Amino acid sequence: MLTPLAILAALIWLYLFFAHGEPGAAFWRSTPELRPASPAEAPPVDIIVPARDEAETIAPVIASLLIQDYPGDYRVILVDDRSADDTAARARLMARHDPRFLLVDGAEKPAGWAGKLFALEQGVAQSHAPLILFTDADITHDPRHLATLVARLNQPDGRYRLDMVSEMVRLNCTSRAERLLIPAFVYFFQMLYPFAQVNNPLSAVAAAAGGTVLIRRAALERIGGVRAMRGALIDDVTLASAVKPGGAIFLGHSGLAQSIRLYPRLSDIRAMIARSAFTQLRHSTALLALTILGLALVWLVPPLAVLAGHGLGFLAGILASSLAILSYLPTLRRYGLSRLWALALPLIAVLYLEATIASARRYWRGAGAQWKRRDYGAS
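If you read the sequence shown in our numbering, its first letter stands for residue 1, the second for the next number, and so on.
See the structure below:
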């Protein structure tokens, strides 16, 4: 039984390695990356930062946004989403009465809204600029970042006009738990949403990374505004899926923005994954079962075939395992980690699978997703 499973796993890996993505742009290559650029035009931009209990990170975030080397006008609109700590006070202190900074005291979240999206809605209500940058309260920005985003959004292209630019920012990767699981998070995201397909206007694949999303106001209004996706817990992909049918989008990696949120323990990262994993599967038990089978076939069968297989099964296991390891190396290089971490991929897959099952069990118990002292139920 092991030999046919190993052969099937090898065939899957041949597809993933050579054909999953656009021709010449396989998902695992960890491209494209936005490089520093200056915009030919610099229209006004409103930067909206939703924040809830972000006292540990908000000061450097606001500081980095207020020193952007952008030739046009821009404002920073911080929406304090009913924080229980001194997020607002620390942000106000860091802004030092800068006229480009606006603090919005968030209202109580209405029923049916995700907390972050209601904060964004309140920020958009204070915004009038033609371009809006949504960015998280744990992300610091290189002074060239805003200019680079606008340059990419307005980059001349004879085929299509971009309506949205998003980036997978560099995530913190210092603790042992982060080195084990964070690069894999980026890798799996690329596998699920190949960036080249996202960036191809003829492809139906749509995704974004919520850390930084620059969008045209006209595009946001075209889809009905933030209100149109008010209950979404995976807001970035929902936004991209709404925008792409009417205008091209771009998703890349960022060398100019970094998350400073720390995940010192495995349990911290597990909670982050479990928060939305079953939502990603549309709360489908059938999709969960297929995911479990797929992860076992892709990640567990190959090393098992290497250890216990014979003949053709052993060779298939070697091929599948080799392609898996090779596909992970560009992501490890992005994070400056040793190639040896690729050997841990089967263990990493098991940990992600366990977090996904935990997400489903929480949903089945009626608890649903929980984040920042909010429980969103299982509806």
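Glycine included, C-beta positions come from ideal geometry on N, C-alpha and C.
All values derive from a computational prediction rather than experimental measurement.
Bounds of any alpha helix (DSSP H) do not take in residue 167; it lies within the beta strand (DSSP E) bounded by 162-170. Taking residue 112 as the centre and dropping the five residues before and after it, the same chain places the C-beta of 230, 231 closer than 8 Å to its C-beta, in chain order. In this structure, the CA atom of residue 213 is about 46 Å from the CA atom of residue 3. For residue 15, there is no enclosing beta strand (DSSP E); the residue is part of the alpha helix (DSSP H) that begins and ends at 2-19.
Around the C-beta of residue 216, 16 or more other C-beta atoms lie within 10 Å, and the residue is accordingly described as buried. The beta carbons of residue 68 and residue 143 sit about 6 Å from each other, so the pair counts as a contact at 8 Å. Residue 208 and residue 186 have their alpha carbons spaced roughly 12 Å apart.
Between residue 172 and the set 53, 40, 263, the nearest pair of CA atoms involves 263.
Take the alpha-carbon of residue 33 and the one of residue 294: they are about 29 Å apart. The DSSP-derived three-state label of residue 259 is strand. Taking C-beta separations shorter than 6 Å and ignoring five residues to either side along the sequence, the partners of residue 153 in its chain run 162, 165, 214, following chain order. Taking the Cα positions, residue 255 is about 36 Å away from residue 363.
By the neighbour-count criterion, in which a residue is buried when 16 or more other Cβ atoms sit within 10 angstroms of its Cβ, residue 282 is exposed. The beta carbons of residue 355 and residue 270 sit closer together than 8 Å. By the 16-neighbour rule on beta-carbons within 10 angstroms, residue 85 is exposed.
Distance from residue 70 to residue 100 at the Cβ level is roughly 11 Å; contact not present, criterion being Cβ atoms closer than 8 Å.
In the DSSP assignment, no residue is bridged to residue 148. In this structure, residue 265 sits near residue 177, with a CB-CB distance shorter than 8 Å. With a cutoff of 8 Å on beta-carbon distance, residue 91 and residue 78 are scored as near each other. Residue 108 and residue 24 have their C-alpha atoms spaced approximately 48 Å apart. Closest in alpha carbon position to residue 61, among 94, 280, 201, 198, is 94. Non-local C-beta neighbours of residue 238 in its own chain, meaning closer than 7 Å and more than five positions away in sequence, comprise 229, 232, ordered along the chain.
In this structure, the CA atom of residue 132 is about 5 Å from the CA atom of residue 46. Residue 236 carries a helical assignment under DSSP once its states are collapsed to helix, strand and coil.
In this structure, the alpha-carbon of residue 350 lies about 44 Å from that of residue 102.
Nearest Cα to residue 115 within the set 141, 53, 63: 53. Membership of residue 50 in any alpha helix (DSSP H) is not indicated; the residue belongs instead to the beta strand (DSSP E) covering 45-51. According to DSSP, residue 105 shares a beta bridge with 80. Just measuring C-alpha positions, the residue of 179, 76, 72 sitting nearest residue 50 is 76.
Secondary-structure assignment with DSSP links residue 348 through no beta bridge to anything. Per DSSP, residue 223 is not a residue of any beta strand (DSSP E), being assigned neither H nor E. Secondary structure at residue 212: strand, using DSSP grouped into helix, strand and coil. The beta carbon of residue 127 sits closer than 7 Å to the beta carbons of 46, 48, 77 from its chain, once the five residues preceding and following it are set aside; these are given in chain order. Taking a contact to require three or more Cβ pairs closer than 8 Å, the segment 246-254 and the segment 318-328 do not qualify as touching. Secondary structure at residue 64: helix, using DSSP grouped into helix, strand and coil. Assignment of beta-bridge partners to residue 189 by DSSP yields no partner.
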